[in-house]
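4 protein chains.
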Amino acid sequence: MGDNMHEINLSNYDLRTDLIVEQNIKKDEISKYSCNNILVESIVLKKNNKLNKKEGKYITISYKDVTDNDNYNNVLEIFQKELNKVLDYLKIKKRDKCLVIGLGNKKIISDALGSKTIDNVIVTRHLYLLNNVDKNYRNVSILEPNVIGVTGIDSFEIIKNIVKGIKPDFIIAIDSLCAADIRRVNKTIQITTSGITPGSGIGNSRIELSKDTLGIKVIAIGVPTVVDSTVIVSDTIKYLLKKISYLKNNDNVIDKLKPIDKVDYINNNYELQNEEKKEILGYIGLLNNNELKRLVWEVLTPIEANMIVTVKDIDFVIDKLSKLLSQGINNVLHHID
Amino acid sequence: MGDNMHEINLSNYDLRTDLIVEQNIKKDEISKYSCNNILVESIVLKKNNKLNKKEGKYITISYKDVTDNDNYNNVLEIFQKELNKVLDYLKIKKRDKCLVIGLGNKKIISDALGSKTIDNVIVTRHLYLLNNVDKNYRNVSILEPNVIGVTGIDSFEIIKNIVKGIKPDFIIAIDSLCAADIRRVNKTIQITTSGITPGSGIGNSRIELSKDTLGIKVIAIGVPTVVDSTVIVSDTIKYLLKKISYLKNNDNVIDKLKPIDKVDYINNNYELQNEEKKEILGYIGLLNNNELKRLVWEVLTPIEANMIVTVKDIDFVIDKLSKLLSQGINNVLHHID
Amino acid sequence: MGDNMHEINLSNYDLRTDLIVEQNIKKDEISKYSCNNILVESIVLKKNNKLNKKEGKYITISYKDVTDNDNYNNVLEIFQKELNKVLDYLKIKKRDKCLVIGLGNKKIISDALGSKTIDNVIVTRHLYLLNNVDKNYRNVSILEPNVIGVTGIDSFEIIKNIVKGIKPDFIIAIDSLCAADIRRVNKTIQITTSGITPGSGIGNSRIELSKDTLGIKVIAIGVPTVVDSTVIVSDTIKYLLKKISYLKNNDNVIDKLKPIDKVDYINNNYELQNEEKKEILGYIGLLNNNELKRLVWEVLTPIEANMIVTVKDIDFVIDKLSKLLSQGINNVLHHID
Amino acid sequence: MGDNMHEINLSNYDLRTDLIVEQNIKKDEISKYSCNNILVESIVLKKNNKLNKKEGKYITISYKDVTDNDNYNNVLEIFQKELNKVLDYLKIKKRDKCLVIGLGNKKIISDALGSKTIDNVIVTRHLYLLNNVDKNYRNVSILEPNVIGVTGIDSFEIIKNIVKGIKPDFIIAIDSLCAADIRRVNKTIQITTSGITPGSGIGNSRIELSKDTLGIKVIAIGVPTVVDSTVIVSDTIKYLLKKISYLKNNDNVIDKLKPIDKVDYINNNYELQNEEKKEILGYIGLLNNNELKRLVWEVLTPIEANMIVTVKDIDFVIDKLSKLLSQGINNVLHHID
């Protein structure tokens with residue numbers, strides 16, 4: 003195989019990763035807590051950090067489910083708490099005016115999280131113009147720039163011009179993200195102060211929304227709702243090695259009595275030796291993450307099988323998630339009893 | 003009755019009229035033609051005209067139906083022809099960039115004509131940015147500002163800022179209008195170069211979109227899709243007098259043999275004498291149009307029965323009309339075979 | 003006028019009335035109560051009653067508003083209470099299986115009340131089939147027969163065959179109705195045990211859903227969401243007489259100081275004399291209700307101006323009403339804490 | 003690894019396959035033709051065939067694209083031609099009455115193909131009831147049974163009862179399918195006379211719609227719109243072996259000059275030897291298809307990563323496909339010029 007393998011250039015393949023926790027971050031830089039089975043990871047990156055990521059606070063909320071009522075309320079509570087902390091971190095005051103932006107394309111349901119969230123945000127800016135509003139409500143307006151493929155206008159351009167015109171004090175922007183780990187699809191909320199680059203549509207100029215480009219504070223909220231099939235395959239191969247390693251090294255009698263598909267092997271930390279990896283998966287077992295993704299991409303692309311996919315019942319999930327985000331945003335922005 | 007009647011101030015009641023043909027215009031100022039049962043009326047108003055209307059060209063296309071296939075195509079053809087004439091009148095060139103604006107609130111179907119029309123407009127501005135486009139397509143982008151009650155931002159403010167940012171050469175703005183004659187609901191397309199004032203929502207600042215306010219040429223396209231119940235009542239009373247006058251003065255034997263609800267009395271020009279009007283409708287018969295509307299309004303308002311209404315199957319009608327307008331706009335803006 | 007007037011046949015015009023309270027009912031047959039500005043009227047009709055209406059219990063709930071939160075909850079509470087009484091009246095037991103039917107055409111929003119209501123009804127029949135359900139939930143299934151103009155199948159035929167097949171113990175059917183009084187549009191819920199005749203679409207065979215035709219108990223719930231423009235006009239003329247009579251006979255100083263459009267004249271019981279009616283409205287003032295409606299119909303029909311209309315923001319109203327009905331139905335059918 | 007490997011039972015794992023061409027069929031049983039890059043495969047299975055599949059005619063239309071206008075028209079033409087042949091095969095006559103059924107759940111867009119297709123089918127049964135129809139139109143009605151998880155009623159039960167009631171001569175049923183090959187998602191239309199088993203929802207009794215169960219002829223039309231992530235992974239591993247084998251055995255100079263992701267290796271028929279497979283993919287390389295799928299399933303299930311997925315822009319694809327199917331069905335059922 004060797005010779006032909008060299009023809010596959012595995013050097014600089016870089017799949018888009020929207021989530022900070024999917025980067026290689028040292029464990030001691032992250033502060034964590036967990037509550038009701040929900041994990042909150044928080045990190046503050048400085049300028050010129052080694053991850054080559056923008057400076058700012060990144061919060062990642064990981065949960066199992068938001069469709070059950072109790073789970074929904076637990077996630078909502080933590081989302082509100084963390085969003086509140088971000089407002090404090092950015093020193094946003096009670097009277098500061100907010101523009102909430104729903105990014106994405108509402109006609110493609112997996113990309114409609116932003117649009118559906120702002121549908122339920124309580125809007126008051128017009129009442130402030132009339133001086134006809136309970137001051138416990140913050141001055142809030144919304145904007146749905148849609149995507150350049152639909153409007154012909156870059157969403158950044160729309161936002162920049164509206165911000166210049168109506169002068170809000172800060173922005174909250176919501177978008178659907180692309181997951182780089184299959185287990186995160188619809189199961190992670192990321193909040194960050196470092197800005198966001200909307201969409202990945204063809205011809206999108208992809209200019210970042212951030213304090214640098216807009217002159218005002220930007221809070222970005224994202225949920226990964228789609229995943230590349232390359233990721234599905236390379237993740238599974240990674241998990242396959244993990245599972246076999248677990249089975250080899252686990253003496254836990256209870257696990258042995260469980261049906262094989264109930265054994266949760268994911269927290270197994272035993273590392274397979276190269277020799278073992280090769281036995282199980284041949285040459286493929288020896289590739290690092292990037293090489294593996296590149297290879298899978300090269301297998302799928304020529305046969306037009308490299309799809310960006312979403313879960314079958316995405317309509318239902320987006321409905322729940324957009325309700326949760328809008329409810330949380332309303333509770334944090336406004337001070338209603 | 004007299005004394006109490008005086009308490010009702012009928013002097014300066016002015017119901018909103020979006021259509022120029024519903025104004026009192028001298029017949030010789032209007033140029034007309036009719037084709038396939040479709041009437042086209044055209045008028046050019048000078049500055050400081052007696053109607054107190056903005057200067058500009060006003061075209062009114064009146065038709066019976068757009069749901070039948072043949073009727074649809076006939077109206078489409080005339081709409082395209084007239085829209086083309088308006089582009090010529092404004093000296094708009096083949097390379098001039100157009101921003102098509104869908105006014106109104108897409109969640110209220112009777113107000114969604116603009117939004118649904120731009121959904122089907124062919125957009126190319128992003129392809130021009132990439133220099134990747136057949137030059138027979140004009141540079142076109144779309145904008146859906148929504149209404150201030152939903153976004154907190156006046157639609158004029160959104161448009162003004164986007165126009166400043168992306169600098170189109172001219173605007174086509176589409177909106178649902180309010181009819182001042184029940185027979186025009188969904189049956190008239192008005193095209194004008196004099197600008198348009200979006201919406202009538204609560205708290206809407208109602209700033210006009212026009213060359214004066216935006217600095218570029220504006221073509222406004224409107225269809226009356228709603229009507230005030232005050233208009234329904236006062237129109238019907240007006241028609242009632244007309245019908246009875248027709249019955250009194252008509253010797254046409256054929257009409258006498260028709261069932262009463264088939265006799266088209268509308269082109270009857272015989273005027274009832276005041277004495278006759280009083281006999282038929284008492285004091286009410288002697289009121290002029292404005293007085294009658296004011297009176298009806300005063301009857302309906304205190305009992306919360308003064309509604310803005312639309313036809314029952316408005317969903318279906320808006321679907322047809324928005325397709326017709328977008329098809330016509332595409333054919334006029336782009337030069338596709 | 004006389005002679006010509008005779009040509010207008012006012013004898014047997016009968017506008018459809020879906021609401022029992024719009025019939026001429028003797029006051030002492032109706033039992034009433036009122037709570038939080040909501041009026042509940044209840045009547046039990048025997049077989050072969052003078053109204054020529056089917057025997058059964060008729061409940062009419064009249065309210066001013068359901069869009070405000072408090073009003074919504076007040077109406078919801080009364081709707082539940084009355085629906086519960088109807089289940090008791092029909093001796094429906096806790097274990098009886100219910101089929102909830104949403105009548106109408108979901109693509110025409112004014113006709114979508116039934117369809118949108120059942121969207122939120124909690125369905126359990128499939129869980130009973132699996133024997134996998136908390137028995138505090140009743141056995142409930144839903145059916146959306148749509149309209150014959152869309153499916154080619156009469157909704158009665160669909161319902162009859164499904165009822166035969168799955169054998170529920172009783173039916174709750176929800177439909178949009180046609181109001182015969184402008185003040186009732188969207189402001190009345192009627193519950194009846196006498197059955198319901200779905201739709202009025204072209205070619206609809208209009209067979210009644212009732213115990214007689216289906217063999218099981220039927221509870222019909224309806225809200226008038228549309229109104230005929232004939233009704234708008236004739237109602238307004240009726241109210242006009244009422245208002246002028248009020249102004250003539252009212253010595254209330256406070257009313258005289260109010261702006262004219264704030265004076266609520268509706269509860270005025272003074273009857274104008276014929277002489278006064280004729281002074282105000284001429285011959286028209288002397289017509290009875292049916293004659294007036296017939297006349298208005300004859301004015302509007304030949305000029306194609308007789309429309310069935312709905313309020314402009316019907317989308318919003320249907321959303322609220324369908325939520326209220328589904329919530330009430332769920333609370334009554336199921337016994338959840 | 004050996005010992006642990008034995009713990010994974012690979013014997014009888016059977017992933018659902020809705021498509022006949024994904025079965026192991028001998029090549030000489032299939033009749034094929036290809037036109038405009040569209041492949042049509044046709045097979046007639048006898049009773050008690052070796053595939054353990056129901057007897058009947060199976061037609062599979064495979065295409066690359068339906069979003070481009072020309073491709074859409076080419077696929078439409080072939081779909082009509084093949085559907086016509088099926089009607090002939092079943093000896094369906096010009097006057098036979100058809101019930102077109104849209105299976106699936108319209109609220110989950112990937113499952114809405116059936117529902118969206120029947121939305122555009124021309125319905126005439128109600129006009130036949132009125133004897134008011136051009137006889138070139140067939141007697142057609144539609145039915146949308148929805149899914150048991152939504153209605154509480156098995157779709158089979160609804161269909162059976164309606165068929166019993168309205169007695170059509172034959173059924174056309176449209177459903178979204180589950181692909182067992184990633185390259186078929188949205189790119190295959192299957193037409194069969196052998197019946198169809200609707201849905202795979204929880205609690206669905208999954209009774210087959212067929213002549214055996216309904217007593218009338220059934221034509222089933224399906225498009226795979228979703229795929230299991232297990233399939234994505236095991237397919238990719240299969241293709242990976244194929245690609246590497248191609249690279250090893252291909253001396254084509256042109257291919258060597260192409261970028262690696264442009265080399266179409268799929269028609270490579272060289273089979274890797276076991277020794278080579280093991281070198282590339284270790285033990286995994288030696289698994290047969292079923293063993294591989296079972297293993298992947300066992301890796302993904304315990305970590306809740308085994309999702310049924312669909313493409314990101316499924317909304318757009320379903321829109322195109324449902325238009326194509328309804329247009330084809332209308333052209334075949336009715337005889338309009």
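Residue numbers (the numbering used here), protein chains in the order written: chain A, 3 to 339; chain B, 3 to 339; chain C, 3 to 339; chain D, 3 to 339. We put the beta carbon where it would ideally sit given N, CA and C, even for glycine.
**Q.** Residue-level contact to chain B via CB, I164 of chain A, 8 Å cutoff
**A.** As a first step, residue 164 of chain A is located in the first sequence; it is residue number 162 there, counting from the start. Chain B, which has a Cβ nearer than 8 Å to the Cβ of I164 of chain A, makes this yes.
Q.
Distance cutoff 8 Å, beta carbons only. Does S64 of chain D sit that close to anything in chain A?
A. As a working note, residue 64 of chain D is residue 62 in the fourth sequence. For S64 of chain D, no Cβ of chain A is located within less than 8 Å of the residue's own Cβ.
Q | Residues of its chain near I103 of chain B, where Cβ-Cβ distance is below 8 Å and the 5 sequence neighbours each way are ignored | A | Here residue 103 of chain B corresponds to residue number 101 of the second sequence, with the count starting at 1. Cβ neighbours of I103 of chain B within its own chain (closer than 8 Å, five residues either side excluded): G116, I120, I144, L145, E146, P147, I161, I173, I174, A175, I176, L211.
Q | Cβ neighbour criterion (16 or more within 10 Å) applied to G106 of chain C | A | Along the third sequence, one-based indexing puts residue 106 of chain C at 104. Classification for G106 of chain C: buried.
Q) What did DSSP end up calling L323 of chain D once you bin it into helix, strand or coil? A) Position 321 of the fourth sequence, counted from the first residue, corresponds to residue 323 of chain D. L323 of chain D falls in the helix class under three-state DSSP.
Q) In three-state terms, what does DSSP make of S202 of chain A? A) By 1-based counting over the first sequence, the position of residue 202 of chain A is 200. Because the pLDDT of S202 of chain A is 49, which lies under 50, any placement of that residue in the model is unreliable, and the number read from its coordinates should be weighed accordingly. Correct three-state label for S202 of chain A: coil.
Q: If I'm right that K59 of chain A touches V46 of chain A with Cβ under 8 Å, what's the distance once you round it to whole angstroms?
A: If you number the first sequence from 1, residue 59 of chain A lands on position 57. If you number the first sequence from 1, residue 46 of chain A lands on position 44. A Cβ-Cβ distance of about 5 Å is found for the pair K59 of chain A and V46 of chain A, placing them in contact under the 8 Å criterion.
Q | Sufficient close CB pairs (3 or more, under 8 Å) joining the segment 64-83 of chain C to the segment 91-99 of chain C | A | With the cut-off at 8 Å, the segment 64-83 of chain C and the segment 91-99 of chain C do not touch.
Q. Buried or exposed: where does H337 of chain C fall if 16 or more other Cβ atoms within 10 Å of its Cβ makes it buried?
A. On the third sequence, position 335 is the one that residue 337 of chain C refers to. H337 of chain C comes out exposed.
Q: Run through the segment 68-121 of chain B for me and flag every whole beta strand (DSSP E) of 3 or more residues, listed as ranges in chain order.
A: As summarised for the segment 68-121 of chain B, the continuous beta strand (DSSP E) elements at least 3 residues long and confined to that stretch are 100-104, given in chain order.
Q.
Residues of chain B with CB closer than 8 Å to the CB of T126 of chain A, please, in chain order.
A. By one-based count along the first sequence, residue 126 of chain A stands at place 124. Residues of chain B with a Cβ closer than 8 Å to the Cβ of T126 of chain A are, in chain order, G154.
**Q.** Terminal residues of the beta strand (DSSP E) in which E277 of chain B lies
**A.** Here residue 277 of chain B is taken as the residue at index 275 of the second sequence, counted from 1. Element bounds for E277 of chain B: not the beta strand (DSSP E) but the alpha helix (DSSP H), 276-283.
Q: Use the C-beta contact count for I320 of chain C: other C-beta atoms within 10 angstroms, 16 or more gives buried, fewer gives exposed.
A: Here residue 320 of chain C corresponds to residue number 318 of the third sequence, with the count starting at 1. So I320 of chain C ends up on the buried side.
Q) Which chain A residues are close to I160 of chain B, counting only those with a beta carbon under 7 Å from its beta carbon? A) Mapped onto the second sequence, residue 160 of chain B falls at position 158. Correct list: I164.
Q: Use the C-beta contact count for Y272 of chain B: other C-beta atoms within 10 angstroms, 16 or more gives buried, fewer gives exposed.
A: The sequence position of residue 272 of chain B within the second sequence is 270, counting from 1. Classification for Y272 of chain B: exposed.
Q: Give me the Cβ distance between T314 of chain A and V311 of chain D, rounded to the nearest whole Å; I'm assuming they're in contact under 8 Å.
A: Within the first sequence, the letter at position 312 stands for residue 314 of chain A. Within the fourth sequence, the letter at position 309 stands for residue 311 of chain D. The sequence given here has Lys at residue 314 of chain A, not Thr. So it is a contact: roughly 7 Å between Cβ atoms.
Q | Selection from A:Y35, A:L243, A:G151, A:T194 that minimises the alpha carbon distance to L283 of chain D | A | The residue given as residue 283 of chain D occupies position 281 in the fourth sequence. Comparing alpha-carbon positions, the option among A:Y35, A:L243, A:G151, A:T194 lying closest to L283 of chain D turns out to be A:L243.
**Q.** Neighbourhood of D237 of chain D by C-beta, 7 Å cutoff - its chain only, sequence neighbours within 5 removed
**A.** Along the fourth sequence, one-based indexing puts residue 237 of chain D at 235. The answer, listed in chain order, is D183, I184.
(Q) Check whether chain C comes within 8 Å of L145 of chain D, counting only Cβ atoms and requiring the distance to be less than that. (A) Numbered from its first residue, the fourth sequence carries residue 145 of chain D at position 143. Taking Cβ atoms only, chain C reaches closer than 8 Å to L145 of chain D, which makes this a yes.
Q: Mind checking which residues open and close the beta strand (DSSP E) that includes I191 of chain C?
A: In the third sequence, residue 191 of chain C corresponds to position 189, counting from 1. Per DSSP, I191 of chain C belongs to the beta strand (DSSP E) from 190-194.
Q. Secondary structure at V46 of chain B, three-state DSSP: helix, strand or coil?
A. In the second sequence, the residue the question calls residue 46 of chain B occupies position 44. Looking at V46 of chain B - three-state DSSP - the assignment turns out to be strand.
Q) So, is I204 of chain B buried or exposed, given that buried needs 16 or more other C-beta atoms within 10 angstroms? A) For the purposes of this step, residue 204 of chain B is identified with residue 202 of the second sequence, where counting begins at 1. Any answer about I204 of chain B is weak, because its pLDDT of 40 lies below 50 and its placement is not dependable; what the coordinates show is given next. Counting Cβ neighbours within 10 Å, I204 of chain B comes out exposed, since fewer than 16 surround it.
Q) Where does I176 of chain C sit, in a helix, a strand or coil, going by DSSP? A) For the purposes of this step, residue 176 of chain C is taken as residue 174 along the third sequence, with counting starting at 1. Residue state, collapsed to three classes: strand.
Q. Using a Cβ-Cβ cut-off of 8 Å (strictly less than) and excluding sequence neighbours within five positions of L294 of chain C, which residues of its own chain qualify?
A. Numbered from 1 along the third sequence, position 292 holds the residue referred to as residue 294 of chain C. Counting only Cβ-Cβ distances below 8 Å, and skipping sequence neighbours, we find S236, I239, K240, I286.
Q: Just tell me which of D:K322, D:D266, D:K325 has its CA closest to the CA of E306 of chain A.
A: The residue you call residue 306 of chain A lines up with position 304 of the first sequence. Cα-wise, what sits closest to E306 of chain A is D:D266.
**Q.** Span of the alpha helix (DSSP H) around G151 of chain D
**A.** Taking the fourth sequence and counting its residues from 1, one reaches residue 151 of chain D at position 149. Counting along the chain, the alpha helix (DSSP H) containing G151 of chain D begins and ends at 150-153.
Q.
On the DSSP letters alone, give me the boundaries of the alpha helix (DSSP H) that D156 of chain B sits inside.
A. Stepping through the second sequence from its first residue, residue 156 of chain B is reached at position 154. Neither: D156 of chain B is in no alpha helix (DSSP H) and is coded neither H nor E.
Q. Is N276 of chain A buried or exposed, if buried means 16 or more other CB atoms sit within 10 Å of its CB?
A. Here residue 276 of chain A refers to the residue found at position 274 of the first sequence. Counting Cβ neighbours within 10 Å, N276 of chain A comes out exposed, since fewer than 16 surround it.
(Q) Cβ closer than 8 Å: which chain D residues qualify as neighbours of S117 of chain A? (A) For the purposes of this step, residue 117 of chain A is taken as residue 115 along the first sequence, with counting starting at 1. Ordered by position in chain D, no residue passes the 8 Å Cβ test against S117 of chain A, which lies about 13 Å from the chain.
Q) Shorter than 8 Å from the beta carbon of G205 of chain D to some beta carbon of chain C? A) On the fourth sequence, position 203 is the one that residue 205 of chain D refers to. Legend: pLDDT at G205 of chain D = 39, less than 50; position of this residue unreliable, no value from coordinates given.
Q | Exposure of D70 of chain B, with buried meaning 16 or more beta-carbon neighbours within 10 Å | A | Position 68 of the second sequence, counted from the first residue, corresponds to residue 70 of chain B. Counting Cβ neighbours within 10 Å, D70 of chain B comes out exposed, since fewer than 16 surround it.
Q | Residue nearest to K55 of chain A in terms of C-alpha spacing, selected from A:I198, A:Y35, A:K169, A:K137 | A | Translated into the one-based positions of the first sequence, residue 55 of chain A becomes position 53. Closest by alpha carbon: A:I198.
(Q) Quick check on the DSSP output: the alpha helix (DSSP H) that includes L294 of chain D runs from which residue to which? (A) Locating residue 294 of chain D in the fourth sequence gives position 292, where the first residue counts as 1. First-last of the alpha helix (DSSP H) with L294 of chain D: 291-302.
Q: Please work out which residues of its chain come closer than 6 Å, Cβ to Cβ, to K99 of chain D, disregarding the five sequence neighbours upstream and downstream, and give them in chain order.
A: Taking the fourth sequence and counting its residues from 1, the one referred to as residue 99 of chain D is at position 97. Same-chain partners within the cutoff: N141, P170, D171.
Q) If the cut is a Cβ gap below 9 Å, which residues of chain A does V142 of chain B touch? A) As a working mapping, residue 142 of chain B is identified with position 140 in the second sequence. For V142 of chain B, the neighbours in chain A by C-beta distance under 9 Å run, in chain order, G154.
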